[in-house]
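Letter by letter, the sequence shown follows residues 81 to 203 of the numbering used here.
Note that beta-carbon positions come from the ideal geometry of N, C-alpha and C, so glycine has one too.
As the structure is a computational prediction, the values presented were derived from the model and not from experiment.
Here the structure comes first, spelled out in structure tokens, and everything after it is commentary.
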Amino acid sequence: MKILIPCIIILFFALSGCYYDSQEFLYPQLNSACDTTNITFSGSVKPILDLCLGCHSNSTAASYGGNVKLENYADIKITVDNNKLMASINQTGPKPMPKNSAKLPDCQITIIRKWIEAGAPNN
Numbered sequence: 081m082k083i084l085i086p087c088i089i090i091l092f093f094a095l096s097g098c099y100y101d102s103q104e105f106l107y108p109q110l111n112s113a114c115d116t117t118n119i120t121f122s123g124s125v126k127p128i129l130d131l132c133l134g135c136h137s138n139s140t141a142a143s144y145g146g147n148v149k150l151e152n153y154a155d156i157k158i159t160v161d162n163n164k165l166m167a168s169i170n171q172t173g174p175k176p177m178p179k180n181s182a183k184l185p186d187c188q189i190t191i192i193r194k195w196i197e198a199g200a201p202n203n
């Protein structure tokens, strides 16, 4: 019994990491057209960044996400204002995201970039 509990704990952490191989699972494309008109935080940007919450939620960021939180507008705005969001998703900064995976699809990066260029409104 003394060995079983540590083994279960180790197995739990090994299986619950925030790394996924499947780009199709992480970034499903609902359609092939890239609609960059009428970009809003709640309807366009937040659904993309919600895919990052496995590592960047308020409860997991300290353990897995380098303490970068992307759970709500205020958290995301901090990362936008310090210029780390675009550097990370473009994979040009010191911490390319998603970790150990391909970049987000160009359309999703464009949506986030255009939202930021519009002043990153909370809409």
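In the structure shown, residue 135 falls within a helical segment according to DSSP collapsed to helix, strand and coil.
Taking residue 125 as the centre and dropping the five residues before and after it, the same chain places the C-beta of 119, 156, 191, 192 and 195 closer than 8 Å to its C-beta, in chain order. With a 10 Å radius around the Cβ and a threshold of 16 neighbouring Cβ atoms, residue 178 comes out buried. Here DSSP, grouped into helix, strand and coil, assigns residue 171 to coil. Bounds of the alpha helix (DSSP H) holding residue 154 are 153-161.
Residue 133 holds the alpha-carbon nearest to the alpha-carbon of residue 144 among 188, 159 and 133.
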